[in-house]
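Asker:
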Amino acid sequence: MQNLRVLITTILFVLLLAVLAACIVETRPDRSMLIYVPPPVAQSSGNPDLTIQHGTIPGTIPQPMAPILMEEAQRSLATSTAISGTSPLTDTAPLTATLTPTTTPPVTATVTTTATQTVAPTGSATQSTLTPAPSGTATATLIPTRSGTRIVTPLPTNQATATPGATATATASRTATATATRQPTATTTRLPTTTPATPVATATPIPRTVFVGRNQGFVTDSTYVVVGEVLNGDSYPVFNVKVIGSFYDSNNNLVAAEESLTVFHQIEPELSSPFKIQVTNNGGNIDHYELTLTWDDVSIIDYEELTIERAEADEDAGKIVGELRNEGSVSVQDIAVVVTLYDGENNVVNVLSGTVDKAVLGTNEVASYEISLPPDVEFTRFEVQA
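All residue numbers for the sequence shown refer to this note's numbering, where the first residue is 1151 and numbers rise by one.
(1) By how many angstroms is the C-alpha of ARG1460 removed from the C-alpha of GLN1535?
(2) Going by alpha carbons, who is nearest to VAL1499 out of LEU1167, GLY1367, ARG1358 and TRP1445?
(3) For the stretch 1472-1489 against the stretch 1517-1531, do three or more pairs of beta-carbon atoms, one drawn from each stretch, fall closer than 8 Å, so that the two count as touching?
(4) Just grab the DSSP bridge partners of HIS1415 for me.
(5) How should ALA1406 be labelled, buried or exposed, when 16 other C-beta atoms within 10 angstroms of its C-beta is the threshold for buried?
(6) How many Å lie between ILE1427 and VAL1413 at the Cα?
(7) State the DSSP-derived secondary structure class of ILE1485, mapped to helix, strand or coil.
(8) My assumption, with CB atoms under 8 Å, is that GLY1378 sits in contact with GLY1363. Please give the rounded CB distance.
(9) Do LEU1441 and ASN1365 count as a contact pair if the criterion is CB distance below 8 Å?
(10) Residues in the same chain with beta-carbon distance under 8 Å from GLN1152, minus the five sequence neighbours each way, listed in chain order, please.
(11) Is SER1410 closer than 8 Å to PHE1397 when the C-beta atoms are compared?
(12) Looking only at its own chain, which residues have a Cβ that is under 7 Å from the Cβ of THR1430, when we skip the five neighbours before and after it?
(13) Within this structure, are the beta carbons of SER1422 and VAL1380 separated by less than 8 Å?
(14) In angstroms, rounded to a whole number, what distance separates the CA positions of GLU1516 and ALA1509?
(15) How many angstroms separate the CA atom of PRO1306 from the CA atom of GLU1495?
(16) Am I right that THR1513 and VAL1480 are in contact with their C-beta atoms under 8 Å? What's the rounded C-beta distance?
(17) Would you list the residues sitting across from PHE1425 in a DSSP beta bridge?
(18) Between ASP1446 and VAL1388, which are expected to be in contact by the criterion C-beta below 8 Å, what is the C-beta distance as a whole number of angstroms?
(19) Per DSSP, what kind of secondary structure is ARG1480 in: helix, strand or coil?
(20) Between PRO1357 and the rest of its own chain, which residues show a CB-CB distance below 6 Å, the 5 nearest in sequence each way excluded?
(21) What does a CB cutoff of less than 8 Å around ASP1493 pick up in its chain, not counting 5 residues either side in sequence?
(22) In angstroms with no decimal places, state the Cα-to-Cα distance between SER1503 and ASN1403.
(23) Take GLU1477 and list the residues in its own chain whose beta-carbon comes closer than 6 Å to its own, dropping the five residues that flank it on each side.
(24) Are LYS1392 and THR1444 touching if we call contact CB-CB under 8 Å?
(25) Report the rounded CA-to-CA distance for ALA1463 versus GLU1455, giving the unit in angstroms.
(26) For PHE1529, name the three-state secondary structure that DSSP assigns.
(27) Just to confirm my understanding: we take LEU1511, look at its own chain, exclude 5 residues before and 5 after, and list those with CB closer than 7 Å. What are they?
(28) Is the beta carbon of PHE1532 less than 8 Å from the beta carbon of VAL1501?
(29) For the putative contact between ASP1437 and ASP1466, defined by C-beta atoms under 8 Å, what is the C-beta separation to the nearest angstrom?
(30) Of all the options ASP1452, VAL1169 and LEU1162, which has the alpha carbon lying nearest to the alpha carbon of HIS1415?
(31) Taking only three categories from DSSP, how would you classify ILE1158?
(32) Rounded to whole angstroms, what is the Cα-Cα separation between ASN1432 and GLU1408?
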């Protein structure tokens, strides 16, 4: 409503200015003003006649209009356009927009520096070593107990004992007549001799482990020597078998300890390898010994077994000679050839090493070997291994 009033007031003010513009005001020397009003014009359609009125501005003296001014006013009115029609006023509510300033906080970029340590991989070549299964420890039972010398108990011999038969006694029969009756001759009947049953040999099963077989100790040149063999009763090969000897005096005091590997570093199932332990400068104090074993179930080194093609004992020359062959698929070196000497009861007498005439033996090649024998050694049989 207020806007409508303002609009109407503005229109009236414009009309008033238009009317004043149509009037000519003349200023006189006596500070009076003469207003010339145009004469009436023809009626416009729908409008009343315009009437020229004489008047003065307050504080002035009314004066008659000049004829020339009158003509000009009439001419102006004649050329003016009649105002006709009524324009409806439309009350249009103005659009009022209220702007509320919004303070947008500036975007602050936060940069977080993260220190990342880059560790360069260090190249190192590590030899992969198979971890062996826990090594077993076998305690050898020495025969005889607490003695360095093995005593063999012979098996009992079954003998047939003759049992004398019963002796028949002659009895004279008396007769009622006087006729003498011939007496029967007494005959001694021998009872049959009882034949004892032949004992059946019972095979002793091999222990399913690695163990010390036949062994014995002796003194030579103030050195106490223990020789024997280690047997593999298991179903898989073993490696690096170590024989550890603990030596005691007669009061059971430990006087020495020595160890030695078996001659062959790999022992196949149900096979054996000889060993030899020597205690120097203490042979007279040793009364008995104990042997224990340690071994590995796996190995990163391959061992090739060579074939003994010939073995001969030349007792006059004091040596054992022969030939061996490499039947494997690769060449071998560091060849070890050993002879084990046994007595008549299959006890180990000594273990001796020999030499080969070739340092490297190729596939399917043959080499000669020689093993020297001590002069005082006595043995019944021997076995060469390489």
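Ideal Cβ positions, reconstructed from N, Cα and C, are used throughout, including at glycine.
Predicted model only: the values in this text are computed from it and were never measured.
Answerer: So, from the data block:
(1) Working through the sequence shown from its first residue, we reach residue 1535 at position 385. Working through the sequence shown from its first residue, we reach residue 1460 at position 310. Straight-line Cα distance between these residues: approximately 11 Å.
(2) Translated into positions along the sequence shown, residue 1499 becomes position 349. That would be GLY1367, whose Cα lies nearest to the Cα of VAL1499.
(3) Under the 8 Å Cβ criterion, the stretch 1472-1489 counts as touching the stretch 1517-1531, having at least three qualifying pairs.
(4) Here residue 1415 refers to the residue found at position 265 of the sequence shown. Beta-bridge pairing links HIS1415 to no other residue.
(5) To locate residue 1406, count along the sequence shown from 1; it is residue 256. In this structure ALA1406 is buried. Its beta-carbon is surrounded by 16 or more other beta-carbon atoms within 10 angstroms.
(6) Along the sequence shown, read from residue 1 onward, the residue named residue 1427 stands at position 277. Along the sequence shown, read from residue 1 onward, the residue named residue 1413 stands at position 263. Counting only the Cα atoms, VAL1413 lies some 11 Å from ILE1427.
(7) Working through the sequence shown from its first residue, we reach residue 1485 at position 335. Note: ILE1485 maps to coil in three-state DSSP.
(8) Taking the first residue of the sequence shown as 1, we reach residue 1378 at position 228. Taking the first residue of the sequence shown as 1, we reach residue 1363 at position 213. Their Cβ separation, rounded to whole angstroms, is 6 Å, which keeps GLY1378 and GLY1363 in contact under 8 Å.
(9) Here residue 1365 refers to the residue found at position 215 of the sequence shown. Here residue 1441 refers to the residue found at position 291 of the sequence shown. In this structure, LEU1441 lies closer than 8 Å to ASN1365 by Cβ.
(10) Numbered from its first residue, the sequence shown carries residue 1152 at position 2. Only residues of its own chain outside the window of five on either side were considered, and among them none has a CB closer than 8 Å to the CB of GLN1152.
(11) In the sequence shown, counting from the first residue as 1, residue 1397 sits at position 247. In the sequence shown, counting from the first residue as 1, residue 1410 sits at position 260. For PHE1397 and SER1410, no; Cβs fall outside 8 Å.
(12) The residue you call residue 1430 lines up with position 280 of the sequence shown. For THR1430, where only same-chain residues beyond five positions count, the Cβ hits under 7 Å are THR1373.
(13) Residue mapping note: residue 1422 aligns to position 272 of the sequence shown, counting from 1. Residue mapping note: residue 1380 aligns to position 230 of the sequence shown, counting from 1. Cβ atoms of SER1422 and VAL1380: closer than 8 Å.
(14) By 1-based counting over the sequence shown, the position of residue 1516 is 366. By 1-based counting over the sequence shown, the position of residue 1509 is 359. Here residue 1516 turns out to be Val, not Glu, going by the sequence shown. About 12 Å.
(15) Position 156 of the sequence shown holds residue 1306. Position 345 of the sequence shown holds residue 1495. For PRO1306, the pLDDT reaches just 37, beneath the cut-off of 50, and the residue's location in the model is therefore unreliable, leaving the point undetermined.
(16) Here residue 1513 corresponds to residue number 363 of the sequence shown, with the count starting at 1. Here residue 1480 corresponds to residue number 330 of the sequence shown, with the count starting at 1. With a Cβ gap of about 7 Å, THR1513 and VAL1480 count as contacting.
(17) As a working note, residue 1425 is residue 275 in the sequence shown. Answer is GLY1378, bridged to PHE1425.
(18) In the sequence shown, residue 1446 corresponds to position 296, counting from 1. In the sequence shown, residue 1388 corresponds to position 238, counting from 1. Contact holds; Cβ gap of about 7 Å.
(19) Taking the first residue of the sequence shown as 1, we reach residue 1480 at position 330. A quick correction: the sequence has Val, not Arg, at residue 1480. Correct three-state label for VAL1480: coil.
(20) Within the sequence shown, numbered from 1, the residue matching residue 1357 stands at position 207. Excluding sequence neighbours, PRO1357 sits near GLY1383.
(21) Here the question's residue 1493 lines up with position 343 in the sequence shown. So the list reads VAL1499, GLU1528, PHE1529 and THR1530, once near-sequence residues are dropped.
(22) The sequence position of residue 1503 within the sequence shown is 353, counting from 1. The sequence position of residue 1403 within the sequence shown is 253, counting from 1. Straight through space, the alpha carbons of ASN1403 and SER1503 are spaced by roughly 32 Å.
(23) For the purposes of this step, residue 1477 is taken as residue 327 along the sequence shown, with counting starting at 1. Excluding positions up to five away in sequence, the list reads THR1457.
(24) Taking the first residue of the sequence shown as 1, we reach residue 1392 at position 242. Taking the first residue of the sequence shown as 1, we reach residue 1444 at position 294. Contact flag set, yes.
(25) As a position in the sequence shown, residue 1463 is number 313, starting the count at 1. As a position in the sequence shown, residue 1455 is number 305, starting the count at 1. The alpha-carbon atoms of ALA1463 and GLU1455 are separated by roughly 22 Å.
(26) As a first step, residue 1529 is located in the sequence shown; it is residue number 379 there, counting from the start. Reduced to three states, the DSSP call for PHE1529 is coil.
(27) Your numbering for residue 1511 matches position 361 in the sequence shown. Here the set comprises ASN1476, SER1481, VAL1482, ILE1485 and ALA1517.
(28) In the sequence shown, residue 1532 corresponds to position 382, counting from 1. In the sequence shown, residue 1501 corresponds to position 351, counting from 1. By the CB criterion at 8 Å, PHE1532 and VAL1501 fall outside the cutoff.
(29) For the purposes of this step, residue 1437 is identified with residue 287 of the sequence shown, where counting begins at 1. For the purposes of this step, residue 1466 is identified with residue 316 of the sequence shown, where counting begins at 1. Between ASP1466 and ASP1437 the Cβ distance is about 38 Å, and since that is not below 8 Å, they are no contact.
(30) Here residue 1415 refers to the residue found at position 265 of the sequence shown. Of the residues ASP1452, VAL1169 and LEU1162, the one whose Cα lies closest to the Cα of HIS1415 is ASP1452.
(31) Residue numbering aside, residue 1158 sits at position 8 when the sequence shown is read from its first letter. Helix at ILE1158.
(32) On the sequence shown, residue 1432 is found 282 positions in, with the first residue counted as 1. On the sequence shown, residue 1408 is found 258 positions in, with the first residue counted as 1. Their Cα atoms are separated by approximately 12 Å.
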